[in-house]
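Here the structure is laid out as structure tokens; the discussion comes afterwards.
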Amino acid sequence: MNKHPITLTINNQEYSITVAGHHTLLQVMRDQLDLTEVKYGCGRGECGACTVLVDDDNEKSGRKAIDACLALAATMDGKKLTTARGLGENGDLNAVQQAFVDESGIQCGFCTPGMVVKSTDLLEKNPKATEEEIRFGLEGNICRCTGYVKIVDSVKKAQKVMTKNKKKK
Amino acid sequence: MSTSVVGKRIPKVDSRDKVLGTAEYAGDIRMKGMLYGKVVRCMEYSHARVKSIDFKEAMKIPGVIKCLGPKDVTKKGYNTTIMKLLVPEEFCEVFGEIAEMFIFNQHVKYQGDAVCGVIAETEEIAERAADKIKIKYEPLPVYMRASESRKKGAFQFTSLKPGNLAGEFDEAVFPDNAYGWPDADTGKMGDDLESECDVVVEGNFYVPKQKQCQMENHAYVALYDNRGKLHCWTSTQMPKPVQVLLAELFELPMSRMRVFQTVVGGGFGVRLGMIAEPHACAMAMAVPGRPVKVEFLREEDWIASETRFPGNYDMKMGFKEDGTPIFVEANFCADKGGYYTHGNGPVFCAAAFVHGMYKWKTMRQKGQSYFTNNVPSGAYRGYGNPQTSFVQEQLVEEACGKLGIDSIEWRKKWHKSIGDETWLKGVTYASDDLDGCIDLAVKDIKWYEKKKKYAKQKGKKRRGLGIAVMNHTSGAWPMLLEHTVCTAKLNEDCTVELMASISDLGTGGHTAMTQMAADTLGWPMEDIHLNSGDSDVCGFDIGAHASRTVYCAGPAIIEACESVKKQLMERAAQILEARVEDLQMDSKKVISVKGNSKKSVDARLISKQGVYNFFDPVSGKQIGIPGQIQGYSSFLANHCSPPMGACISEVEVDTETGEVKVLELVNAHDIGKAIHPPSVEGQLEGGAQQGLGFVTTEDIYYDENGLCLNSDFTDYKMPGPSDMPKAKIILVETAPDPIAPMGAKSCGESALMGPIGSVANAIADAIGIRFYEAPVTPERILKGIKESGKTFE
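Here the protein sequences line up with chains F and U, keeping their order.
Take the first sequence: its letters are residues 1 to 169, numbered as in my numbering.
Take the second sequence: its letters are residues 1001 to 1793, numbered as in my numbering.
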């Protein structure tokens, strides 16, 4: 079994670990690093429950959302990652998470960590996203509880708050 | 200032935990020394006998601890469901419940049946070892539909059920194996009255094998500790009944069987009763002192946990020309899957919800379930009612068309109401505002304006409108036991710890319970915490089923809190030398004599002195009244206050591609009182997604050998965010139920029925062709158009 030493920075904390060549980022995050907010829903990129942000200079927002189950951990050496637990500052909630709380955009909560990460990415990339664009943007994140109604409401609420905060700055 | 929180749009109690991802689901549990178990399932056959199991190669893999076969675990058979705990023993015998499932089965009855197991140091090793176990099978004949397995000469699934008939409406309870009522004038039943009718409609329908698709896969951790106690952390919907079933299976007293319900990532019925708790526990018992985790893969969850009851649902209705409903005659013949589990439960309930809807002169409905080689059909949100919506609401619409009667007006005139029998004989409606629901939905979607407009439409894309009404239940009394126990412990600082086994599957149940407690006590919500899920701590509760939590568990919470308040007031009366009835408590917990606020005592002092009860060193007198206050309730429901509702959908059918786009959906629900409105709306919004799935896209498909063809989110298509229509939920609170706690009827399951029937009707309205098989896929639409010879230009 191939072993690879890698360094990951997740939610501003550095982890120097050795990973098996065939292990996905999801497996490593959950089983080696106990970051269980990254959920296993399908393991094949269909449900989005394991969505995390990875820093990427090619993106205007400086980062992009990926399914942790589709990335081999060994290929992620040196990457900076953000999970639901690290979205806000100092362990607090970011605007998207706060909107999900305020709008009750949460039911069983299993898709939620991935959903808030994906929604954050969506709004960072497209602050003026229309409802249609929000819905399309969330196609890769499955929720079976909400019918997406309060999820979309939450994202729209967050969008308003973020726009307002930007103007203030 | 009132601190009332009932009816307020406050954040849910668990929302911060969930939005950060810190809520711990069963699969998130990590324990010291934890091992990993893998259930080895038969993937190659849907019906076979196990000839041999060879563990040799698997045991050679480093890190493998043990392999377990049928001989290494209890030989006791079991049933995954909890029916026998919910009805008297005699009833259970009448229903014919059997316990023919084993932890590891030598007779494989569906693809995914458990054959053996392996325990290893890591999940990966367990999975690799599972691949190395050599199992030889002898294939048996495969039957995927009841129509095949009921035939004479078919292979018998179990000697306990001759003819493969898992269940029907038993003669002892249902004369002539039928549910309904005779015509009061003639004593005739069902279509015996056909000759009296001017218009008769009928249809042979197929309803699909829909999957719950809860996002969290089933997961368990079990530990057989060194004091001989078995612990099981599980994602079940029913922690207390599962405790009883496991104790029975492993022959342990309940004092040595602990079940802990973790945060549950959706249920929708699939986690009603047990799934793989027996496997996790059997593995734990093989390695005492070490926890064993069993977590399903998605595919495994899909093929090895129950689905909705599919099958052939035939219905016939007769009317007088003025629209008077004369009879309904129906039969639902379901594909049971490989094991008895829920027997004929949802098939009965399909009939029950026909019973609760319209004022027929007579109704006669029969139903059977035959064993088949699919994964067992079981509980799924609605429990028979979604199937009925698809069938009944379409036929009513068709009949109104033939009668030339406005179907909105017909429904308003002939639906059951206060004083009429509900889904169950002898139990009558105590509240109803279905008319209000219908009126609001009609107005909101502009029914009549749009109907007029679409009557003249042309082109390849056609729009249509459809309506469906529904009745459901709040808990399953008196059919099933509805019992919840709550203990409310008053802490020394005058805050409350509620101990009750309340399952919140994402429904907002914990929030609603805390709101009800807060309003009962008149205290802020922050001062109340619900401790739920640990069978060692909590008293009895049936678990989450039949849309029961607010209605059946809510009163236990209220009663326990009332008891706390009463005890505080009694102590205050003693201290203030006043009568209890002359006292009042404000939201700051100060108890005072009405009209004399100076004569008061702080409840916080009472709670503190009750615990820290000292003697005054000088006077030698006791300070305060001794004893920690606890409130208690053991509540048994005595009604089921069925809610009703009306849903209207608007669709656009592309006659070239067969694609159906649901444009708009309005669902008005007779909730009585919404304890937590966002949660009630959330139930109805989410239910709409599952309802639309049922009627447009969702069914499990099998190949000719009974192997599943679509066990993932790509090949099994649920409506996604872009597929969902503009959905409007209207909460109708004009008819608070006089029996229900705070007037609140249920909403959890009610959400699916309206969208199903209304979309089916809207499709028929759009293109003038009615579809009898669900889901109404593009293939079926194109086939229907072709067969009809219709053209759309």
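C-beta: ideal position from N, C-alpha, C; glycine also.
Quantities reported herein were computed from a predicted structural model and do not represent experimental measurements.
When we look at the beta-carbon of Gln27(F) and count the other beta-carbons within 10 Å, is it buried (16 or more) or exposed?
Taking the first sequence and counting its residues from 1, the one referred to as residue 27(F) is at position 27. Per the 10 Å Cβ criterion, buried.
Closest Cβ-Cβ distance between Gln1584(U) and chain F: below 8 angstroms?
Stepping through the second sequence from its first residue, residue 1584(U) is reached at position 584. It does not: the Cβ of Gln1584(U) has no partner Cβ on chain F nearer than 8 angstroms.
So Glu1482(U) and Ala1637(U) are supposed to be a Cβ contact under 8 angstroms. How far apart are they, rounded?
Numbered from its first residue, the second sequence carries residue 1482(U) at position 482. Numbered from its first residue, the second sequence carries residue 1637(U) at position 637. Right, their Cβ atoms sit about 4 angstroms apart.
Count the other CB atoms, across all protein chains shown, that sit within 10 Å of the CB of Leu35(F); report buried if there are 16 or more and exposed otherwise.
The sequence position of residue 35(F) within the first sequence is 35, counting from 1. Counting Cβ neighbours within 10 Å, Leu35(F) comes out buried, since at least 16 surround it.
Of all Cβ atoms in chain F, is any one closer than 8 angstroms to the Cβ of Gln1515(U)?
The residue you call residue 1515(U) lines up with position 515 of the second sequence. So, not an interface residue.
Check whether the stretch 1174-1192 of chain U touches the stretch 1083-1097 of chain U, counting contact only when three or more Cβ pairs, one atom from each stretch, lie closer than 8 angstroms.
no
Is Met1001(U) helix, strand or coil by DSSP?
Taking the second sequence and counting its residues from 1, the one referred to as residue 1001(U) is at position 1. Low confidence applies here, because Met1001(U) scores a pLDDT of 49, under 50, leaving its location unreliable; read the following figure in that light. Coil.
At the level of alpha carbons, what is the spacing between Ser1417(U) and Tyr1429(U)?
Counting from 1 along the second sequence, the entry for residue 1417(U) is found at position 417. Counting from 1 along the second sequence, the entry for residue 1429(U) is found at position 429. Their Cα atoms are separated by approximately 6 angstroms.
By how many angstroms is the C-alpha of Ala1488(U) removed from the C-alpha of Asp1699(U)?
Taking the first residue of the second sequence as 1, we reach residue 1699(U) at position 699. Taking the first residue of the second sequence as 1, we reach residue 1488(U) at position 488. Their backbone Cα atoms lie some 45 angstroms apart in a straight line.
Report the neighbours of Cys42(F) on chain U: residues whose CB is nearer than 7 angstroms to its CB, in chain order.
Residue 42(F) sits at position 42 when you count from the first residue of the first sequence. Arg1298, Asp1712, Phe1713, listed in chain order.
Out of curiosity, what's the CA-to-CA distance linking Leu1252(U) and Asp1131(U)?
Start at 1 with the first residue of the second sequence, and residue 1252(U) comes out as number 252. Start at 1 with the first residue of the second sequence, and residue 1131(U) comes out as number 131. So the two alpha carbons sit approximately 33 angstroms from each other.
In three-state DSSP terms, what is Gln107(F)?
Along the first sequence, one-based indexing puts residue 107(F) at 107. Residue state, collapsed to three classes: coil.
With 8 angstroms set as the bound, which would you pick, yes or no: does the beta-carbon of Lys1018(U) sit closer than that to a beta-carbon of chain F?
For this step, residue 1018(U) is matched to residue 18 along the second sequence. Chain F, which has a Cβ nearer than 8 angstroms to the Cβ of Lys1018(U), makes this yes.
Rank Val1651(U), Ser1634(U), Leu1709(U), Val1287(U) by C-alpha distance to the C-alpha of Tyr1454(U) and give the top, closest one.
Stepping through the second sequence from its first residue, residue 1454(U) is reached at position 454. Comparing Cα-Cα distances from Tyr1454(U) to each of Val1651(U), Ser1634(U), Leu1709(U), Val1287(U), the minimum goes to Val1651(U).
Inter-stretch contact at 8 angstroms, needing at least 3 Cβ pairs: the stretch 1532-1544 of chain U / the stretch 129-145 of chain F
no
Any C-beta of chain F sitting closer than 8 angstroms to the C-beta of Asp1699(U)?
On the second sequence, position 699 is the one that residue 1699(U) refers to. Taking Cβ atoms only, chain F never reaches closer than 8 angstroms to Asp1699(U), which makes this a no.
Excluding the 5 residues preceding and the 5 following Gly43(F) in the sequence, name in chain order all residues of the same chain whose CB lies nearer than 6 angstroms to its CB.
Start at 1 with the first residue of the first sequence, and residue 43(F) comes out as number 43. Counting only Cβ-Cβ distances below 6 angstroms, and skipping sequence neighbours, we find Cys69.
Using a Cβ-Cβ cut-off of less than 8 angstroms, list which residues of the stretch 1478-1511 of chain U approach chain B; keep chain order.
Chain labels in this structure do not include chain B; the protein chains are F and U.
C-beta neighbour in chain U for Thr130(F), strict 8 angstroms:
Residue 130(F) sits at position 130 when you count from the first residue of the first sequence. Closer than 8 angstroms: no.
Which runs of the beta strand (DSSP E), 3 residues or longer, sit entirely within the stretch 1687-1725 of chain U?
none
Count the other CB atoms within 10 Å of the CB of Ala99(F); is the residue buried (16 or more) or exposed (fewer)?
The sequence position of residue 99(F) within the first sequence is 99, counting from 1. Buried, since its Cβ has 16 or more Cβ neighbours within 10 Å.
Quickly, what does DSSP pair His968(U) with across the bridge? List them, please.
Because chain U here runs from 1001 to 1793, residue 968(U) falls outside it and cannot be looked at.
Cβ pair count under 8 angstroms reaching 3, the stretch 89-103 of chain F against the stretch 59-79 of chain F:
no
Suppose the cutoff is 6 angstroms on Cβ atoms and the five residues either side in sequence are ignored; what does the same chain contact list for Arg1223(U) look like?
Position 223 of the second sequence holds residue 1223(U). As written in the sequence, residue 1223(U) is Leu, which differs from the Arg given in the question. Correct list, in chain order: His1231, Ala1284, Pro1291.
Sort Leu1434(U), Ala1500(U), Glu1449(U) by Cα distance to Val1469(U) and report the nearest one.
Numbered from 1 along the second sequence, position 469 holds the residue referred to as residue 1469(U). When only C-alpha atoms are compared, the closest one is Leu1434(U).
Please classify Glu1685(U): is it buried, with 16 or more other beta-carbons within 10 angstroms of its beta-carbon, or exposed?
Here residue 1685(U) is taken as the residue at index 685 of the second sequence, counted from 1. Answer is buried; the Cβ neighbour count reaches 16.
Which residue or residues does DSSP assign as beta-bridge partners of Cys1116(U)?
For the purposes of this step, residue 1116(U) is taken as residue 116 along the second sequence, with counting starting at 1. Cys1116(U) pairs with Val1040(U).
Is Arg63(F) close to chain U, meaning its C-beta is less than 8 angstroms from at least one C-beta of that chain?
Along the first sequence, one-based indexing puts residue 63(F) at 63. False, the Cβ-Cβ gap to chain U never drops below 8 angstroms.
Give me, in chain order, the residues of the same chain whose beta-carbon lies closer than 8 angstroms to that of Lys1594(U); leave out the 5 immediate sequence neighbours on both sides.
As a working mapping, residue 1594(U) is identified with position 594 in the second sequence. These residues qualify, in order along the chain: Asp1582, Leu1583, Gln1584.
Thinking C-alpha only, which one of Thr7(F), Ala129(F), Asn11(F) is nearest Thr18(F)?
In the first sequence, residue 18(F) corresponds to position 18, counting from 1. The shortest Cα separation from Thr18(F) among Thr7(F), Ala129(F), Asn11(F) belongs to Thr7(F).
Whole angstroms are fine: how far does the CA of Lys128(F) sit from the CA of Lys164(F)?
Locating residue 164(F) in the first sequence gives position 164, counting from the first residue. Locating residue 128(F) in the first sequence gives position 128, counting from the first residue. Near 12 angstroms, if we compare the C-alpha coordinates of Lys128(F) and Lys164(F).
Taking only beta-carbon positions, decide if Lys156(F) is within less than 8 angstroms of chain U.
Here residue 156(F) is taken as the residue at index 156 of the first sequence, counted from 1. Cβ-Cβ to chain U under 8 angstroms: no for Lys156(F).
Cβ of Gly109(F) less than 8 angstroms from any chain U Cβ?
Stepping through the first sequence from its first residue, residue 109(F) is reached at position 109. So, interface residue.
Would you identify the three-state DSSP class for Thr1514(U), choosing helix, strand or coil?
Position 514 of the second sequence, counted from the start, is the residue given in the question as residue 1514(U). It is helical.
Identify, in the order they occur along the chain, each residue of the same chain with its Cβ nearer than 7 angstroms to the Cβ of Ser1788(U), setting aside the five sequence neighbours on each side.
On the second sequence, residue 1788(U) is found 788 positions in, with the first residue counted as 1. Here the set comprises Ile1769.
With H, G and I counted as helix, E and B as strand and the rest as coil, what does DSSP make of Glu1733(U)?
Counted from its first residue, the second sequence places residue 1733(U) at position 733. Three-state result, Glu1733(U): coil.
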